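Take a look at the structure set out below.
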């Protein structure tokens, strides 16, 4: 594994650890920094979701996706993530954000032409996406 791939893997799992920690804090009812762990989870999820939407934008700019649809989806999902911060319903926010992660993953791998990412990166993204969506579902089930 080269240095770039190691860095990508490290950062991916470091980001994932925050989802797991906030999910566990929610399940154990631990308040963090005077905020509920659900609030922090939704906020972090919205930020990371918007960050991943940038990958769709980058694919379009790099010519990996020849569709303006990719740019529109990227922007809509980013705005949706922002809206989730303002919802009074944590359940709705968690559901929408989990859906956003699934759509971003789908669009990354099903753009035309197909994604040029390496198989190891594709595997990493699948693992990260599955765990992130699972933490959303765990918190939803806990409520």
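Numbering (our numbering), first residue to last: 9 to 151.
Every residue gets a Cβ at the ideal spot worked out from N, C-alpha and C, and that includes glycine.
If you're wondering where the values come from, they're calculated on a predicted model, not measured in any experiment.
Would residue i and residue j qualify as a contact pair, given that the criterion is a beta-carbon distance under 7 angstroms?
i, j, result
"residue 54", "residue 89", "yes"
"residue 148", "residue 102", "yes"
"residue 145", "residue 20", "no"
"residue 64", "residue 14", "no"
Considering only residues of the same chain and omitting the five flanking positions on each side of residue i, which have a CB-CB separation below 7 angstroms?
i, result
"residue 48", "30, 40"
"residue 92", "50, 54, 101, 104, 105"
I'd like the list of long-range same chain contacts for residue i, defined as Cβ closer than 8 angstroms, with 5 residues on each side in sequence excluded.
i, result
"residue 134", "113"
"residue 52", "26, 27, 30"
"residue 129", "13, 16"
When you compare the CB of residue i with every CB in chain C, is at least one pair closer than 7 angstroms?
i, result
"residue 149", "Looking for chain C here will not work: only one protein chain is present."
Looking only at its chain, what residues have a beta carbon closer than 6 angstroms to the beta carbon of residue i, apart from the 5 residues adjacent to it on each side?
i, result
"residue 68", "78, 79"
"residue 137", "109, 113"
"residue 62", "none"
"residue 60", "112"
"residue 58", "86, 89"
"residue 127", "none"
"residue 95", "101"
Assuming residue i and residue j form a contact by the criterion Cβ under 8 angstroms, report the distance between their Cβ atoms to the nearest whole angstrom.
i, j, result
"residue 28", "residue 98", "Residue 28 to residue 98, Cβ: 18 angstroms. No contact."
"residue 139", "residue 24", "6 angstroms"
"residue 38", "residue 45", "6 angstroms"
Residues bridged to residue i by DSSP?
i, result
"residue 43", "40"
Task: alpha helix (DSSP H) runs wholly inside the segment 71-119, at least 4 long, in chain order - done: 76-92, 98-117
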